[in-house]
Each structure stands twice: as structure tokens, then as C-alpha cells.
Amino acid sequence: MRYEAPTSTKDAVGLLSKAKGKGQVLAGGSDLLVRLKGGFIEPDLIVDIKRIPAMQGVTKTASGFKIGAAVSCAQLGENAALKKAWPGVVEAANLIGSDQIQSRCTVVGNLCNASPAADSVPAMVAAKAKAVVVGPKGKRTIPVENVVAGPGKTALKAGELIESITLPARKGKTGDAYLRFIPRTEMDIAVCSAGVNLTLGRGGVVTDARVALGAVAPTVVLVPAAAKAIIGTKLDDVALAALAAACEAACNPIDDKRGTVEFRTEVAGVLAKRAAKIAYQRAGG
Amino acid sequence: MSGVHVSTTINGDPVEFVCQPGEVLLDVLRNRVGLTGAKEGCGTGDCGTCSVTVDGRLVCSCLVLGAEVEGRTVTTVEGMADGADLHPLQKKFIEHAALQCGICTPGFLVAAKALLDRNPDPSEEQIRYALAGNLCRCTGYDKIVRAVQAAAKDLAVDATKPAKPAPKKTTAGKSAKKTA
Amino acid sequence: MTHNPSFTNQTFKVIGTRVPRPDGLDKVTGRARYGADASAPGQLVGMILRSPHAHAEIKNIDTSKADKIPGVKAIITSADLPDKVNGRRDMLDTLENCMARGRVLYDGHAIAAVAAIDADTAKKALKAIKVDYKILPHVTDVDEAMKDGAPIVQQWVRTAGGDANKATNVSQVSQFGHGNIEEGFAEADVIIERSYKTEQTHQGYIEPHACLASVGPDGNGELWVTTQGHYTFRTQCAQLLGMDIAKLKVTSSEIGGGFGGKTHVWMEPVALALSRKANRPVKLVMTREEVFRATGPTCSTSMDVKIGAKKDGRITAALAVLRYQDGAFPGIWGMLGGMTAWACYDLPNVKAIAYDVLVNRPKVAAYRAPSAPMAAFAVESTMDLVAQAINMDPVDFRLLNAAKEGTRASYGPTYGPIGIRATLEAVKNHPQMKAKLGPNQGRGMACGFWFNFGGQTCSTVNICTDGTVNVSVGTVDVGGSRASLSLIAAEELGVPYETVKCTVSDTTALGHNDTTEGSRGTFSSGMAIIFAARNAVAELRARAAKTWDIPVEEVEWKDGVAYPMGDQHHNLKPLSLKDIAAKSPRTGGPIAGHNETVADGAGVSFASHICDVEVDPETGATRILRYAVVQDAGKAIHPDYVEGQFQGAAAQGIGWALNEEYVYGKDGRLQNAGFLDYRIPVCSDLPFIDTTILEIPNPGHPYGIRGVGETSIVPPLAAIGNAVSNAVGVRMNHVPMSPPRILKAIKAQRAAG
């Protein structure tokens, strides 16, 4: 096995292409190294992307934000502008693991590890985030929900890696929030989770919404019916109940050592309601 | 065999080593550099017993490759004391009986120092969440939190003491240019 | 014993002061050396191949490919660990648990081991070993294992005293109690009967098992190991390997937590066997996954409790039927549960029936007050239900029925002075009882009991020529006992604490010492040091007498100084310990005191806890708001470390109550062998834990010491169960009370209207 630390995206793509599928990208390593040590993967090559300038830093542009693939979640939490515009995305990213993990983990790594319970993904999906994918055939930009193909699987082709995540610019009264259920107060994988992104119009009425659920299906579930249930409302109890019901109906979870089907389904609805209320408050409702 | 040659700085000293590509920093520190203060409790980033800092950031050294620290700075518990002068955290841990078996202590000290370095006046809740990545099975965390609170107070007092006067410059005549 | 061990009710100079501990500096600087921190020249890396099946016959193990890998220096199987136990069943069980003999009994059971030049080579070698299994049906649930037709775990096991021809998973049935429970229940105004389950938990020490083993062709060996009892490990390893005990030198490293799990050998004999075969030192360190899969967790249980009481609160009858699984080998854990179940109470008619049951799980080992927490969960939960049924305050109900001096305990003996009532009174008056509770918040309390043990103990006190003192003990220091033991030596000799250095010696320096378990470390070694120091003082007086040329009966020892007694000696200057030590080369040589003893007179220990919780009724999430421990310590030698034991034990109980459990799949494999999904409390899960140390002296110890380390793991399960019940009105009967279980109970209650 080889370790390489290229200093350009082009070099990284070149290394991965030559490795013919037996190369792995190393950003924070909090998933990769666990899988490596556990013997679940046996790569020929590890490509460390942390020395690539194009993958570092959070940039604010007119069209929104660009988050480099090598940016740690701790760094995201220290970016005041990003926190102000996308508090839900940032709080989701900051929930991944301990402070030790936070210094290392990245939202791109979280996305590409493709765990159904990944914390940053429901919030990014709700935020309409996009992934900038680079490969031997060039660059393409896809919605983050299209990156994940199934548990542990991405839709990336051989030689491809993600260079950055983009978030749209915020206009008007907007707010997002992310909540997850864990049995302790920290250090657990989400049993279920909800990311809600709202836009408010006149009088505090919801004019646009996106609701995404985590850990209740093989991949993150975007629930248009839940969004529909609250659009045109001021999040009264009837609307919230409809939101929860729509979320429960969209759940397709499993029984495992972390939770039961029954528990995940019910609590997903509870979290969606609570996240919606927080997002609403943040939007100024 | 495909060893990686690494030049790095550990606790302020220049260090070179050769390690395997898949070898983690924890094993490098313990087996190649002889620093056994960081311990392996789980190997998967769930217990914090291997905590060190890399470029000032608190990390689990079991989830960092040795190769990654090329050109970077690493600090471990062995670098906390200033010669024979213990860091206030180390003093307070002893004073407040914040250790029983002591296996988690190096990790807690490194993590607590990382906390106080960026947040010198943390609330009890902030301390507890900052240290959530460090498992202790002996103490129930009570005396650990109290020791960190006491150390924060101590460090705050040190910070308010007047700085030692700078040594006098001996250039005669000209006054220092002011930079904007 | 040459000295009377009875309580002397003395006042103390240094005992009870909060001194810094002697090993503190090394532990905060990273200098302290634990099991995995030692290395030897030429050492090999040891690694163990483990079964992926819960129950199987081993048809064949083919190591031929692994043998040929360059860098592999030795491979062993059970063939390299022949039976040398002379028919001792318990030692054969230990041997079989260290390495499977023809069949595997649980997921993770060791099958073979390799020693290689590095970890990568060892991993390659393990992968290259081919094992042919014939998978057998397995059973992992205690109730399932007791049914007719259940897969039999050990074909040779018979219920002790039962049918000698029937293979069974029930290795013994124990019964304790007195009186007539049928009559007692007939008298009762109110009878509450409930069933309970607790899941399997692990001690969860942060340091995995680790050792460095070196055995030479001359039969001499050395073992550096993290352990709670290096003398016990020496005896066991020597016996299993057919070595002379005296020739196996075992050194205890600093220990990174044990709580009972390191009182038993798991892979140390394997490391020694590898070293013997390779003729090189072998370092063997368990991974966290191996610790969970293949060391000694505690039992999972299924229990039925029935209590009958009169309207005025007097209990008339109490019955507990307890079913404990001991893993794949017979154990005494159910029996211990039966002994402790009713120990807090003064009961006219009481019975506990306890079953010890085998299942295809790892061999159960002690975990801090082993077996008591589960029985206490069942009993203390039912106590609250009875109190509710008769409309009586739960503390008052317990006070009315609490054991006292002279009570005949449910498990047999009559109590001397004990602290249960004092802890209950302290709870009643505790400020936490007055803290206001908000919506979805509730308060619960519970009691707990644990016996303490004495055991074989040796200690030596050596006076150096500069007057400083070396104390050698054989009990491993698991929680700071070296500080307490130094205080005891300082107190007896009358010298400053700072002049005493206490060391845990290796096995060549002292006679046998039993393991540090049963809360016996400070109690037993403390007693041995008291008597060793008194022997040293006798010698110091003799030297003073010699120096003054007066009879030794006319020399008294006070606060570290020898004084001549009587007016006729008024011209003789007193001699300090330092003076006498300096002269010792000329007055008879080095001055020392020894003591080899079986420390008798261990007391029993009681605790009462108060817990306030808040339950989220929409998710079942439970947070501990406040927690208070009240426990009787007899005499607190070093209050900081006594408090630490209270808090640590309570924290383990809280984790057990809320989130910790072994999760087995239908395939009999452990699914959560790591700290990610075996969820112990983290710092943000707990509040500050209030502690109150009561001191009701134990008459069997000169200072009145009671063991303190274990008792406070016993009350939390029921304290939390009772608090949850008071918070959201659901009675939890299954531990851990994880959010899915609590939410399910809340929903069932809502549906029932």
C-alpha cells in the first residue's frame, strides 16, 4: 500500500485513476482509518487531499458558499458567515463525533462514507447543497443526494472525487435546523434525524420548505409531502401534526442494535416537528 | 516493505522516523518514538485515550496516519509540563483526585488543555461537552470537571499578572519605527 | 495472628487527611507504565485467532500455510497447552477458556495464536490458518437455556445435587432464607409480584488486557501484566503451563481499570506458551473488540420477586427467584445474587432461589459487587411498588424494615454494627430531597449491600538508614490505595506521610496475596501494614532499649519517637525513628517488620442513593439531573479516594441502568463489541455526583475500615427505575432502560388509558 499527498486536484485525479478502483481518498480519516484497521478495505493507494489548496477553505461568493473537501467540521463551526447563513448545516456538521473527531472529519467524507445515519447529509440535502465532482473526464456538479447510491456506496466513478460542496445564497427570511436522536448526549451514531430548511413570506407564512430524514432508510429521504404539509402555514399544531405524519409515512428503517423500526419512525416525526420550529424561529417567524 | 520517511516536530523537538503507510500516529509515538503517554483504549476514535494535538488541533492519534504529520507539529502529554513545572491542569488533577487508575488521564489533560487554550472561561456544560470524547470508567467525571474548573481559574489569575518587562534594547539614539 | 485485629477507636494524626497520591506525578506526565507500555529486546507480537461461531466443533485446524510465512516464529493451539491441572475442574475450565479444546463455546472463543516479528505479519498468519468447523445449535438467552430441548453448552454439566444422568445447562440451584414464606404471604394485606430482566454488561475498563511474556528453556519465566492480582495470575499460569510457581516472576504494571474483569487470566497463558515455543519474549495486547467478545462480562438475568406486607408497612414475606447466566462455564454468580437479594432487610420470612445457567456467551467474571446490582434492581423496584400500594413514603418503608445490629441476614449470618439505617436517615434529610421537580421529572431512591472480603495478604515495612520507610504490598493499586496504605504506615510508625514510599512488589518479594477484589485492597493490605509496622515498632523499641541498655518493657513508642519510661531514666534523651535508623547498622542491622495473614473481620457495606431524572415523553430519552450517594465506609482513610469510589461506582450503575447492554444476533454473535455501540456514560451525560461518607466502624478492623469500592454500583439500577416511574408513570422492568424501551412503555400506558 502507498501513501501519497498530492498538492493539486489534477494530481489527485491522476493518482486515483491509475489505481483502478483500489485507491481511497483520505480527508479526515475518521471513517477511512476505522475501515482500514477493521480489515473491511484493502486499498493499494491512499490519497491524502489535505495539502490541495483548491480543497481548503470556505469561500463566500455571490452565489453562496463553497466548502473545500478538506475543510474540517471544526473549521466550519468557526466560520461566522457560514453559521449565520446556514446554522442547520453547520450544527449538523458539528454534531459528528467528539472534539477530537471534529478536528478531522469533513462533510464531504461524511457524505462519501454513505452511511444512512450520516449527520451532515440530511441538512445538506435540505439546503439544496451540490457536490462539485472532478474526475478524469472533467468536472460535474450534482445535488448531494445523488452522490449516495446506497449504504456504503457512492455514485462516483473510478478516478472521481469531490472537490467541494456548494450551498446556495440565502435570500429573504430563511432558516434551517438539524436535530438527531441519540441515546446518550454525545458520541453516538444518529438513531434517526431530521433536517428542515424554510423560507418565510409575509406574515410569517412558510413559502418554501425542504424536509430530509436520516437513518430511517438506506439513504437520506427527502420528504416532499412533509414540505407540502407546512407550506402556506404558520406552523400551527395541525400543520406540524401533518408534517410528522408525512415523515412517519416516508420512513423505511430497520431494527438494529441502535433502534427499532417503531422507535425510529415515531421519533423521526417528533424531530421533524422540533427542527421545523427551530428553523422557523431562525427565519424570524 | 514501503516505509514512509517523515520529518516532524514533537513537543517542540525535531523528530524523524520511518513508518508503514497504514501505520497510525499512535503506534508511531508509542513504538518508534518511545512516547507511551498516549494509550490505545479502542483504536477506533471512540475513547479519546490516544488524544494528542496536531498543528494545535485536538485529535485521536489512532485515527491519524503517521505519514500525515510530515512538516506538522505534534504535542503529547509528555510536552505539557515545562521541565519540572507541571501545567496547572496537571497540578489540579492531582490536587482534586481527578484520577484513579490514571489510564485516561493523559488524554483528558491534552483535551482539557485544548479546551482552555481556545475557551479560557468555560461553563460546566461546555467543559462536559468538550470532554465528551474522553471516556473515564473510574471517576464518574465529577472530580475531573472540578479539576478543569480549578485549572481555568488558576490560568486566569496567571493571565492577569503583569507581563515580565521586556529586556532593554541597547541601540542608542533612534526611536523605534512604528508600524501601522 | 500475633496482633488483635479488633477496632481500637483511636484518634488519628494523619488518617483521614487528603494527601497527594504517590503515583500522581507519573500518571499526569505519561511516565506511568501500564500493561502495553513495556517492551523487551527481540520481542514478538502475539495475536489470537477467534471463533466467529457461537457453538461449533473444531474438526481441524491447518496451520501449514501460516507456518511458512516469513517472520512467523510460533503458532499454538490447544495441543501446545496440555492438561496439567490434575483433575481440577475450575482450572481446566480456565485452560479451555484461554484456548478452545476441540469445540468453541462462544463467539470470540480463542482457537489458535501466533507470534510474529510484527503486527502485519501476525495478521497475515492468522488469515492463513484454516479452521474446519461443524456448526452446532447455540443458546444465548438464560430462560431459553433452561428449557427442555435447549442446546446443551457443556455435556458434562449436571445440576449439583440433581439428576446425575441428565445433561443440563443448570449447573447449580442455591437457596437462602429462613422462616415460612407461605405463612408470611398468608398474613400479608398487600402482595406485589413482578418479573424483571437485566442485560449483560461489561466492566468497561479503558485499558485492554496486555502482557509481555518471556519463558526460557530453563523453566524460568517473567510476565509483565495488567492485572488485579499478580500472585493469583502467577499461580494460575504456572499451573496451566506446568511451571514451578517460584520460577514465574510476575510484575503488576499500573492497571488501567479492572473492576473484577482482571481477576482472571484470559490470554496470559497463551502469551507464555507462545514465548516458550518461540523462545523469545511475546507482547500480547487485546483489541477493544476482543475485550468485549472474549473476556469476562457480567451475567444477564431473569428474575421474579414477590413481597407481602401489612398495611402498616411491615414486610411479612419476601421471595426472589433468580436466573443468572454464567456464560459457557459453570459459575457461582446466581448464588451470589441469591445471597445479596434481601440483605438490606430484617425479614421474618424470606427466601431466595438462585439458578446458575450456562449459555453460549463468554465466561462471566466478577463486576464490582458481582450479581448484587441485578437482584437489587428487582427487589428495590418491587419495594417501591409495595410502598406505593400501602401509601407509604419509600424511605420510611425501607427504614421500617431495614436490617440492624443483631438482624439475622437473609443469607445466614447475624449482623454486627451496620450502616443501612444511618444511610436511609441521611437520605431522608438530604438536601436533594427538597429540590423542586418540574414536569416530566421524577425522584427515586434505592438501597444496596455488598459483603467485603479479607483474604491472604503479606506486607513488609523496611526502615531505611535515613529514617524514610519502604512499604511493600502485594495488592494491586486499582484506585489510589498506595496513598491510603502510606497513610496507615505513617500513622502506625508516627512519621510524616511524605517519608513513606509504598510499592506494589513483584511476586518474588512477598508471599501470596489474593487479588484486589471484594473491596479488600485497603482493608487487607491496610491490616497487614498495621501489623507489619507494629512489628517494626517492636524492633525499633528493642534497638532503643539496647542503645540505652534498659529493658525493652521500659521503652514506649509515641508519635515516631522512643521514650524511656520511668523517672529513673529521666537523663536519657528520646530517640526518634530517624536516630534509631541511622544507628541500625551497628545495633543489629536493617530494621523491618513483616506480616503474613489471612485478614479476617471484613465488614459489610450499605449504601442508599437518590436520583432525580427528566424523561422526554416523546422520545424516552432520560437525563440524570441530580445524584446523591450515601455510603458507610467504616473509616475513610483518604476521603478523596473514598468519594471517588462512590462516584465511579454510581456512574457505572447509571450506565448499566440506561444504556449498556450486550446485543446478540440470532446467529449468537455479539453485535456491539466496541465503545461506539456499547454505550458507557460520557462526561456530558452526568451531573456532579454528591457524596456523603458515613463512618460506622467495623469492629473487625483496628481502624474500623470497611471496604468501599463496590457497594455503590448496587443501588443505581433501581434508583433510576424508581425515578423514571415517578417522572412519567411507567414501571420499567427491563434494564437497560434505553429510550426505545421507555418510549414503548409510555405508549403502552397511553394506549391503556
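Chains as they are written, first to last, in the working numbering: chain A, 1 to 285; chain B, 1001 to 1180; chain C, 2001 to 2753. Glycine included, every Cβ here is placed at the ideal spot set by N, Cα and C.
- Annotated three-state conformation of residue 2398 (chain C) is helix, per DSSP.
- Between the alpha carbons of residue 140 (chain A) and residue 147 (chain A) lies a gap of roughly 12 Å.
- Here DSSP, grouped into helix, strand and coil, assigns residue 2124 (chain C) to helix.
- Taking a Cβ-Cβ threshold of 7 Å, the residues of chain C close to residue 1046 (chain B) are 2674, 2675, 2676, in chain order.
- Per the DSSP secondary-structure output, residue 2176 (chain C) pairs in a beta bridge with C:2352.
- Residues of chain B with a Cβ closer than 9 Å to the Cβ of residue 2367 (chain C) do not exist; the shortest Cβ-Cβ separation is about 11 Å.
- Using beta-carbon distances, residue 2441 (chain C) does not count as an interface residue toward chain A, since no partner is under 7 Å.
- By the C-beta density criterion, residue 2195 (chain C) is exposed, having fewer than 16 other C-beta atoms within 10 angstroms.
- Between the segment 106-122 of chain A and the segment 197-204 of chain A, the count of Cβ pairs shorter than 8 Å is below three; the stretches do not touch.
- According to the DSSP assignment, residue 2531 (chain C) belongs to the alpha helix (DSSP H) that extends over 2526-2548.
- Per the DSSP secondary-structure output, residue 2564 (chain C) pairs in a beta bridge with C:2555.
- At a beta-carbon threshold of 7 Å, the residues of chain B lying near residue 98 (chain A) are 1048, 1132, 1133, ordered along the chain.
- Counting other Cβ atoms within 10 Å of its Cβ, residue 2227 (chain C) reaches 16 or more and is therefore classed as buried.
- Residue-level contact by beta carbon holds for residue 186 (chain A) and chain C, with a gap shorter than 7 Å.
- Sequence-distant Cβ neighbours of residue 2286 (chain C) in its own chain, meaning closer than 6 Å and more than five residues away, are 2208, 2209.
- Exclusion of the five residues before and after residue 2591 (chain C) leaves 2462, 2463, 2536, 2539, 2540, 2543, 2580, 2581, 2584 as the residues of its chain whose Cβ lies within less than 8 Å of its Cβ.
- With fewer than 16 other Cβ atoms inside 10 Å of its own Cβ, residue 2218 (chain C) counts as exposed.
- Under the Cβ distance rule, residue 2192 (chain C) does not count among the residues neighbouring chain B, no pair being separated by less than 7 Å.
- The C-beta separation of residue 2308 (chain C) from residue 2185 (chain C) comes to about 4 Å, placing the pair in contact by the 8 Å criterion.
- Segment contact: the segment 2677-2686 of chain C against the segment 2396-2405 of chain C, fewer than three CB-CB distances shorter than 8 Å; contact not assigned.
- When C-beta distances to chain B are compared with 7 Å, the residues of the segment 20-37 of chain A below that value are 29, 30, 33, 34, 36, 37, in chain order.
- Excluding residues up to 5 positions away in sequence, 2177, 2181, 2319 lie with their Cβ nearer than 6 Å to the Cβ of residue 2351 (chain C) in the same chain.
- For residue 3 (chain A), there is no enclosing alpha helix (DSSP H); the enclosing beta strand (DSSP E) covers residues 2-4.
- For residue 2236 (chain C), the number of other beta carbons within 10 angstroms of its own is at least 16, and it is reported as buried.
- Note on geometry: alpha-carbon atoms of residue 2092 (chain C) and residue 2085 (chain C) lie some 6 Å from one another.
- Annotation for residue 2703 (chain C): 2635 place their beta carbon closer than 6 Å to its own, counting only its chain and skipping 5 residues before and after.
- At least one CB of chain C lies nearer than 7 Å to the CB of residue 1042 (chain B).
- Every unbroken stretch of the alpha helix (DSSP H) spanning 4 or more residues and falling wholly within the segment 2298-2360 of chain C is given here in chain order: 2333-2340.
- CA-to-CA, the gap between residue 198 (chain A) and residue 224 (chain A) works out to about 13 Å.
- Listed along chain C, the residues sitting closer than 8 Å to residue 1093 (chain B) by beta-carbon distance are 2024, 2028.
- Contact between residue 2368 (chain C) and residue 2260 (chain C) holds: their C-beta atoms lie close to 6 Å from each other, under 8 Å.
- With a contact defined as Cβ atoms closer than 8 Å, residue 2380 (chain C) and residue 2715 (chain C) qualify at about 7 Å.
- When the Cα atoms are used, residue 2090 (chain C) and residue 2465 (chain C) turn out to be separated by approximately 47 Å.
- The residue among C:2007, C:2132, C:2346, C:2034 with its C-alpha nearest the C-alpha of residue 2224 (chain C) is C:2034.
- Rounded to the nearest angstrom, the Cβ distance from residue 2739 (chain C) to residue 2621 (chain C) is 5 Å, consistent with a contact under 8 Å.
- Taking C-alpha positions only, residue 2569 (chain C) is separated from residue 2020 (chain C) by approximately 40 Å.
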